[in-house]
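Colleague:
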Amino acid sequence: MYIKRNDAGDIEQVSRVMTSECREPLASDSPELATFLNAAARQENDELRQSDLEFVRVLEDVIEVLMNKGVISFTDLPDAARDKLMARQSLRRRVNDVGLMDDSDSDTI
Numbered sequence: 001m002y003i004k005r006n007d008a009g010d011i012e013q014v015s016r017v018m019t020s021e022c023r024e025p026l027a028s029d030s031p032e033l034a035t036f037l038n039a040a041a042r043q044e045n046d047e048l049r050q051s052d053l054e055f056v057r058v059l060e061d062v063i064e065v066l067m068n069k070g071v072i073s074f075t076d077l078p079d080a081a082r083d084k085l086m087a088r089q090s091l092r093r094r095v096n097d098v099g100l101m102d103d104s105d106s107d108t109i
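Quick note, the sequence shown lines up with residues 1 to 109 if you use the UniProt record's numbering.
(1) Taking the DSSP output, what are the residues bridged to S15?
(2) Cutting at 8 Å between CB atoms, please list the residues of its own chain near L33, excluding the five before and the five after it.
(3) In the DSSP assignment, what are the bridge partners of E24?
(4) Give the DSSP-derived three-state secondary structure of R92 in the structure shown.
(5) Please report the distance separating the alpha-carbon of D83 from that of L59.
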């Protein structure tokens, strides 16, 4: 493995082959490399988790639009989906009632 370090000496980039930026060799079993790769994986997982949370809200809005337009009805959804939507709607109402969400998050299905 080849790495590039920042000014503080921390790994900031990794490559399997030597490149113009990654010129310093480092053993693939290096603890320093493992730490860097684990941190990068955690960051990507956190970003994916945040994206999932945001996308859930998009899906809620899409379902609401489809129901309002009469394209689907609530009873068309599988039982598990109805249960999850009702639970989220109830939770959103409770959180809204104590003022923990701003008005943009207060829409319900």
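No residue lacks a Cβ here, since even glycine has one placed at the ideal position from N, Cα and C.
Modeller: Taking the coordinates as given:
(1) For the purposes of this step, residue 15 is taken as the residue at position 15 of the sequence shown. According to DSSP, which records beta bridges pairwise, S15 is partnered with Y2.
(2) Position 33 of the sequence shown holds residue 33. Closer than 8 Å at the Cβ level, and outside the excluded window around L33, lie M1, I3, I11, V14, L26 and A27.
(3) Start at 1 with the first residue of the sequence shown, and residue 24 comes out as number 24. Note: E24 sits in a beta bridge opposite I3.
(4) For the purposes of this step, residue 92 is taken as residue 92 along the sequence shown, with counting starting at 1. Three-state result, R92: helix.
(5) Within the sequence shown, numbered from 1, the residue matching residue 83 stands at position 83. Within the sequence shown, numbered from 1, the residue matching residue 59 stands at position 59. Cα to Cα, the separation comes out at about 15 Å.
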